[in-house]
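Engineer: Pasting a structure below so you can have a look.
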Amino acid sequence: MTYDTKLGLDENIVAALGYVGIWIAGIILLLIEPNNKFVRFHAMQSVMVFLPLSLIIFLVAWIPYVGWIIADFMGFPSIFLAVLLAFLAFRGMKFKIPLIGNYAYKLIYE
Numbered sequence: 006m007t008y009d010t011k012l013g014l015d016e017n018i019v020a021a022l023g024y025v026g027i028w029i030a031g032i033i034l035l036l037i038e039p040n041n042k043f044v045r046f047h048a049m050q051s052v053m054v055f056l057p058l059s060l061i062i063f064l065v066a067w068i069p070y071v072g073w074i075i076a077d078f079m080g081f082p083s084i085f086l087a088v089l090l091a092f093l094a095f096r097g098m099k100f101k102i103p104l105i106g107n108y109a110y111k112l113i114y115e
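Those letters in the sequence shown? Residues 6 to 115, by this note's numbering.
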């Protein structure tokens, strides 16, 4: 059973968009979806995972000589993680990333 959202799309599509747009889409979805907890959970988890990860990759990239190489090796798996989480959200699953997922769940559902 799917529920509509403020965007007029099914909730699993909107939840997946929260991961595809990395943390920026997560913040936007948290602001425009006040009632749909499934979308809010995935948006919160997206922000809590990808915002710190983006900052770490950005800072590592500034290391002289080898920083951009290390940042690339960190960036490619994070893109894979975003695609995987978007796919799981699209399938309607509430996949919780260890530690972060439990905290995001508590913030949204409790």
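Where a beta carbon is used, it is the ideal one built from N, C-alpha and C, also for glycine.
Are the beta-carbon atoms of G31 and S51 separated by less than 8 Å?
Structural biologist: It is a contact, given that the beta carbons lie within the stated cut-off.
Engineer: In its own chain, which residues sit with a C-beta less than 6 Å from the C-beta of D9, not counting the 5 before and 5 after it?
Structural biologist: Result list for D9: empty, nothing under 6 Å.
Engineer: If the criterion is Cβ atoms closer than 8 Å, does the pair I27 and A91 meet it?
Structural biologist: Cβ distance not < 8 Å, so I27 and A91 don't count as in contact.
Engineer: Does the count of Cβ pairs from the segment 64-83 and the segment 13-22 closer than 8 Å reach three?
Structural biologist: As far as the Cβ criterion goes, the segment 64-83 does not touch the segment 13-22, which means the pair count is below three.
Engineer: DSSP puts D77 in a beta bridge; with which residues?
Structural biologist: Partner(s): none; D77 has no beta bridge.
Engineer: Quick check: what's the CA-CA separation for A20 versus E38?
Structural biologist: Those two C-alpha atoms are separated by around 10 Å.
Engineer: Under 8 Å by Cβ, that's how I've got F46 and I113 pegged, so tell me the actual separation to the nearest angstrom.
Structural biologist: F46 to I113, Cβ: 5 Å. Contact.
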